[in-house]
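Asks:
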Amino acid sequence: MLQRFTQALIPTVKETPAEATNASHILLLRGGYVRQVGAGIYNFLPLGLRVLRKIENVVRQEMDRAGAQEVLMPALLPGEYFKETQRWDLYGDVLFRIRDRKGGDYHLGPTHEEIVTDMVRREVRSYRQLPLNLYQIQTKFRDEPRPRGGVMRGREFTMKDAYSFDVDELGAQRSYENMREAYKRIFERLGLTFRIVQADSGAIGGKTSAEFQVLADSGEDAIVACDECDYAANVEAAEIGALPKGPEFPKEEVREVHTPNVGSIADVAKFLKVNAKRFLKSLLYVAPASDAHPHGEVVMACVRGDHEVNEIKLANALGAREVHLATEADVERATGAKVGFAGPVGFKGRVLVDPAGAELTNAVTGANKTDHHLMGVNLSRGDYAADVKDIRSAAEGDPCPRCGAHGGGGHFKAYKGIEGGHIFILGTHYSAKMRATFLAQDGSERPMIMGCYGIGISRLVASAVEQHHDQDGIRWPLAIAPYHVHLCTLGTEPEVMNAAKALADALVERGIDVLWDDRDERPGVKFKDADLIGLPWRVTIGAKTIAKEQCELKARSNRDPKGHELVTLANAPERIAAALGMAD
RNA sequence: CGGGGCGUAGCGCAGCCUGGUAGCGCACCUGGUUCGGGACCAGGGAGUCGGAGGUUCAAAUCCUCUCGCCCCGACCA
């Protein structure tokens with residue numbers, strides 16, 4: 001289609017809005033794509049909506065191709081469904097709750113497992129009706145503790161969510177793989193650089209899951225990927241290969257050293273002139289109350305000084321639902337020393353240490369005595385007792401658990417990612433609770449095996465910009481650009497305007513979407529706006545070019561301000577179509 | 001929820017400390033000169049100073065409460 005700039009609402013702005021800090025947010029605001037309405041709530045202006053729709057359509061095409069069927073479930077939900085699975089309570093403050101005039105509980109849908117499950121249990125009786133994969137593109141509502149980054153993390157956002165129903169595990173696995181392939185195609189078509197990453201399956205019954213992480217330095221998720229094989233994982237979930245054995249040192253005697261007022265690893269390392277890698281960092285965590293520990297259990301988690309404790313892994317290792325870092329008072333009570341001087345030697349309580357920490361020879365640890373540390377601590381000699389468990393986050397340089405195990409030499413590289421999609425097998429978590437069952441071939445009644453698959457559509461708008469921009473503005477991938485061609489006319493002389501109109505019509509006829517900047521503005525203004533808006537190709541027609549029956553063609557990706565190609569007006573439609581890969 | 005910051009014209013900000021009746025840049029409107037990388041000159045319109053209460057002869061400025069937004073940490077597509 002052809003859109004004239006003078007008839008469009010494309011409010012570009014020169015100045016950087018104060019509330020935006022990351023590139024995508026700044027550029028989407030400046031380019032006139034979105035505007036804020038409230039915290040985590042946004043208007044999509046015409047350009048923004050076109051991008052959103054383009055992404056939706058790619059997703060829709062690939063979902064349909066994969067055999068999923070589109071449905072539309074309500075955003076406004078009666079509370080009874082979430083109550084049926086206890087999520088009414090479990091979801092907590094994230095749920096936007098509403099009361100109707102009669103005082104009944106309602107909420108806005110943050111996700112739709114219960115609703116599809118209900119839909120399916122009402123209609124499906126027999127294994128003959130399975131498998132099924134239903135999806136929708138819907139507005140979701142989550143009262144996020146902290147919305148941020150514009151449409152990157154909103155409280156209202158557009159999501160594609162799909163749900164599969166199978167008769168058995170094998171079928172569920174097939175559905176999952178099918179979605180995995182569909183997602184790969186989607187992310188590739190959108191022009192995004194991404195990694196499929198092993199993720200923490202979370203609290204809810206998922207055993208198999210993967211995140212589609214769009215790589216971007218501004219991403220909130222830390223991921224690691226092997227430099228040799230295709231293993232990649234969220235650092236919170238990454239398994240860690242065996243570290244190579246270091247050289248053997250003669251074991252020293254444990255000795256206490258005076259370390260006045262230096263509690264942090266960095267400070268003690270400097271004070272003692274010992275590398276942080278030789279430290280055993282000891283942190284105290286509290287696991288929630290259980291039968292064995294009615295007041296909660298204080299445990300010590302030890303990792304090497306340069307490593308980080310991973311609370312999810314720690315909770316898993318303890319069999320606890322969650323753990324929290326102990327308060328200062330807890331630490332002092334448990335160790336008898338101020339914070340910064342905790343250590344496993346002589347600690348009365350459970351101690352967990354990760355393999356890299358366990359291997360340390362002559363480690364430095366806190367002495368459980370204020371202003372004192374111990375040196376020469378060795379687990380192998382029994383200086384302290386501990387369970388060796390993987391309780392740390394993976395980091396750059398760690399050996400890969402996959403190819404490392406087979407003699408390969410792969411190591412992790414660290415990346416930042418934006419979670420653009422998440423797929424997982426749910427099993428019977430919802431179907432069992434909600435009695436979504438079918439009659440199998442042998443006549444038995446069984447719960448359906450479910451999977452669920454999400455893509456953050458509106459988040460991908462921002463993700464794409466994070467990945468595709470430069471100092472001047474956005475550089476949309478062709479597949480999701482709001483228009484293909486930015487037609488700039490310089491001057492408003494009839495010859496120029498007529499030539500532009502003729503060219504635009506010829507392009508539209510070929511299915512090319514054209515934004516024609518027909519404003520009476522100076523060239524500089526138009527070029528700046530064109531760069532900011534970021535359409536893949538810019539075509540310029542002015543009095544100078546028209547005198548030669550020509551126009552200029554320039555790719556947005558071309559950084560050279562003069563890096564354009566002169567094309568005769570007669571050949572322009574074909575040449576442009578070819579540039580877009582849309583030639584006949 | 002903890003920590004920090006901000007609310008003054010459509011946007012970006014100054015003024016607040018030390019009360020005296022609101023200013024700058026951009027944008028907008030009019031006229032003129034300009035016209036290939038965010039022009040220039042002249043003139044002009046536009047603000048319940050987030051809201052409520054208080055102190056005072058006088059409050060954008062001081063005090064109390066309140067609402068909103070942003071940023072940094074624990075959650076998620």
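No gaps in the numbering here: position 15 of the first sequence is 15 in the working numbering, and each next residue is one more. By construction, the Cβ of each residue, glycine as well, lies at the ideal position given by its N, Cα and C atoms.
1) Is it a yes or a no for the region 455–464 touching the region 420–439, going by three-plus beta-carbon pairs under 8 Å?
2) Would you say the region 3–14 touches the region 436–448, given that touching needs at least three Cβ pairs under 8 Å?
3) Could you give the DSSP three-state label for GLU574: helix, strand or coil?
4) Cutting at 8 Å between CB atoms, please list the residues of its own chain near ARG125, excluding the five before and the five after it.
5) Considering only the beta carbon of each residue, do ALA320 and VAL353 sit closer than 8 Å?
6) Once the 5 residues before and after GLU169 are set aside, which same chain residues still bring their CB inside 7 Å of it?
7) Note down, one range per segment and in chain order, each beta strand (DSSP E) of at least 3 residues found wholly within the region 111–198.
8) Within 10 angstroms of the Cβ of GLN86, are there 16 or more other Cβ atoms? Answer buried if so, exposed if not.
9) I'd like the list of long-range same chain contacts for ALA432, defined as Cβ closer than 8 Å, with 5 residues on each side in sequence excluded.
10) For ARG575, collect the residues of the same chain with a Cβ closer than 7 Å to its Cβ; drop the 5 residues on either side in sequence, then sort them by chain order.
11) Please state if the CB of GLY219 and the CB of LYS413 are separated by a distance shorter than 8 Å.
12) Residues in its own chain within less than 7 Å of ILE546 by CB, not counting five upstream and five downstream?
13) Taking DSSP's pairing of strands, which residues face CYS226 in a bridge?
14) With three or more beta-carbon pairs closer than 8 Å as the criterion, would you say the region 238–255 touches the region 387–396?
15) Rank LEU77, PRO131, LEU49 by C-alpha distance to the C-alpha of VAL151 and give the top, closest one.
16) Which residue comes first and which comes last in the beta strand (DSSP E) that contains LEU215?
17) Is the separation between the beta-carbon of ARG121 and that of ALA436 shorter than 8 Å?
18) Does SER282 come out as helix, strand or coil in the three-state DSSP assignment?
19) For GLY205 and TYR91, I'd like the C-alpha separation in whole angstroms.
20) According to DSSP, which residues form a beta bridge with LYS554?
21) What residue range does the beta strand (DSSP E) around PHE438 cover?
22) Going by DSSP in three states, HIS484 sits in which element: helix, strand or coil?
23) Roughly how many angstroms lie between the CA atoms of VAL268 and VAL235, to the nearest whole one?
24) State yes or no: is the C-beta of ASP513 within less than 8 Å of the C-beta of PHE5?
25) Quick check on DSSP: helix, strand or coil for HIS258?
Replies: The relevant details are as follows:
1) Contact check between the region 455–464 and the region 420–439: three or more CB pairs, one atom from each, fall below 8 Å, which counts as touching.
2) In this structure the region 3–14 does not touch the region 436–448; the number of beta carbon pairs closer than 8 Å is below three.
3) Within the first sequence, residue 574 is the residue found at index 574, counting from 1. GLU574 falls in the helix class under three-state DSSP.
4) On the first sequence, residue 125 is found 125 positions in, with the first residue counted as 1. In its chain, beyond the 5 residues on either side, PHE438, LEU439 have a beta carbon closer than 8 Å to the beta carbon of ARG125.
5) Indexing the first sequence from 1 puts residue 320 at position 320. Indexing the first sequence from 1 puts residue 353 at position 353. Between ALA320 and VAL353, the C-beta gap is not smaller than 8 Å, which leaves the two residues out of contact.
6) Taking the first residue of the first sequence as position 1, residue 169 is located at position 169. Within the same chain, GLU169 has close Cβ partners ILE449.
7) Complete beta strand (DSSP E) runs here, min 3: 132–141, 156–166, 194–198.
8) Here residue 86 refers to the residue found at position 86 when the first sequence is read from its first residue. Per the 10 Å Cβ criterion, exposed.
9) Taking the first residue of the first sequence as 1, we reach residue 432 at position 432. These residues qualify, in order along the chain: PRO447.
10) Against the first sequence, residue 575 aligns to sequence position 575. The beta carbon of ARG575 is closer than 7 Å to those of LEU553, VAL567 in its chain, skipping five residues each way along the sequence.
11) Locating residue 413 in the first sequence gives position 413, counting from the first residue. Locating residue 219 in the first sequence gives position 219, counting from the first residue. No, the Cβ-Cβ distance between LYS413 and GLY219 is not below 8 Å.
12) Numbered from its first residue, the first sequence carries residue 546 at position 546. These residues qualify, in order along the chain: GLU495, VAL496, ALA499.
13) Residue mapping note: residue 226 aligns to position 226 of the first sequence, counting from 1. DSSP output for CYS226 lists PHE412 as bridge partner(s).
14) Cβ pair count under 8 Å is three or more, so yes.
15) Locating residue 151 in the first sequence gives position 151, where the first residue counts as 1. Check the Cα spacing between VAL151 and each of LEU77, PRO131, LEU49: the tightest is with LEU49.
16) Translated into positions along the first sequence, residue 215 becomes position 215. LEU215 -> beta strand (DSSP E) spans 209–215.
17) Locating residue 121 in the first sequence gives position 121, counting from the first residue. Locating residue 436 in the first sequence gives position 436, counting from the first residue. Contact flag set, yes.
18) As a first step, residue 282 must be located in the first sequence, where it is residue number 282. Of the three classes helix, strand and coil, the one that applies to SER282 here is strand, per DSSP.
19) If you number the first sequence from 1, residue 205 lands on position 205. If you number the first sequence from 1, residue 91 lands on position 91. Since pLDDT at GLY205 reaches only 49, below the 50 mark, its modelled position is unreliable, and no value is offered.
20) Sequence index remark: in the first sequence, residue 554 carries index 554 (1-based). ARG538, per the DSSP bridge assignment.
21) For this step, residue 438 is matched to residue 438 along the first sequence. Per DSSP, PHE438 is one residue of the beta strand (DSSP E) stretching across 437–439.
22) Within the first sequence, residue 484 is the residue found at index 484, counting from 1. Coil.
23) Looking up residue 268 in the first sequence gives position 268. Looking up residue 235 in the first sequence gives position 235. The alpha-carbon atoms of VAL268 and VAL235 are separated by roughly 27 Å.
24) By one-based count along the first sequence, residue 513 stands at place 513. By one-based count along the first sequence, residue 5 stands at place 5. Inclusion of ASP513 and PHE5 in the CB contact set at 8 Å is not warranted, their separation being larger than that value.
25) As a first step, residue 258 is located in the first sequence; it is residue number 258 there, counting from the start. Strand at HIS258.
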